[in-house]
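Numbering (our numbering), first residue to last: 3 to 217.
Quick reminder that beta carbons are idealized off the backbone N, C-alpha and C, glycines included.
In this text the structure is predicted, and so the values were computed from the model without any measurement.
Everything below concerns the one structure shown next.
Put into structure tokens, the structure is as follows:
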């Protein structure tokens, strides 16, 4: 992950800016609304879960939503200001814990949580190997379900970006394919249940629901 991005998220200014984007910017508000609709669909398939890890949690944008579907939630983030701000913005709760952690080295034993959600992190990782390891780490610490977002290599938005790259010089997006996520799940004894797109035109992100086989 770009050290400059990490440094910004791990600053008070960056943590405040991230929270304010979703409060003030129209495209962020629209994205949040679309995400919540997707979560309703995904949790309709999982049913209520006992425990859920939300990493990265940011300022707790999705905390109340996850509490609607889980008995307990652990909010995790690499950014200390994000964690402090999350607790300050949302208040303490006996059902919520907090931990500073990296998505590439989760400090939890195997099968620690009934479900794990990792939203809008994978596409920040520079190397394909990191993005794949991230998925494997989520599968390791989850007992039954994983919800992970990734930027789809075959999405319309990414195809257009690749076509324009020779002209505008923009770097490639950091992507995974649905097929590769499916392979990673199968290798670990899981299956890909569904991976709906946030928006077929306006976004390249997909929300993958993975389930342990036989759970």
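As DSSP reads the structure, residue 55 sits in a beta bridge with 76 and 118. When rounded, the separation of the alpha-carbon atoms in residue 26 and residue 159 is 24 Å.
In this structure, residue 146 sits near residue 217, with a CB-CB distance shorter than 8 Å. For residue 129, there is no enclosing alpha helix (DSSP H), as DSSP marks it with neither H nor E. Here DSSP, grouped into helix, strand and coil, assigns residue 71 to helix.
Residue 77 counts as buried, since no fewer than 16 other beta carbons sit within 10 angstroms of its beta carbon. Counting along the chain, the unbroken alpha helix (DSSP H) around residue 10 starts and ends at 5-11. By the C-beta density criterion, residue 206 is buried, having at least 16 other C-beta atoms within 10 angstroms. Distance from the CA atom of residue 213 to the CA atom of residue 193, rounded to whole angstroms, is 5 Å. A distance below 8 Å separates the beta carbons of residue 81 and residue 12. Ranked by Cα distance from residue 46, the options 10, 195, 108 and 174 are led by 195. Taking residue 111 as reference, the option from 91, 86 and 143 with the minimal CA-CA separation is 143. Inclusion of residue 118 and residue 67 in the CB contact set at 8 Å is not warranted, their separation being larger than that value.
Distance check between residue 191 and each of 69, 168, 153 and 113 places 113 closest, using alpha-carbon atoms only.
For the 8 Å CB-CB criterion, residue 71 and residue 50 form a contact. Proximity to residue 200 across 101, 43, 137 and 59 peaks at 43, based on C-alpha coordinates.
Excluding sequence positions up to five before and after residue 65, its CB lies within less than 6 Å of the CB of 92, all in the same chain and listed in chain order. DSSP places residue 181 within a helical segment (H, G or I) once states are collapsed to three. Of the residues 9, 151, 75 and 138, the one whose Cα lies closest to the Cα of residue 123 is 151. Contact between residue 75 and residue 97 holds, with the beta-carbon distance rounding to 6 Å and staying under 8 Å. If you check the CB distance, residue 208 and residue 198 come in under 8 Å.
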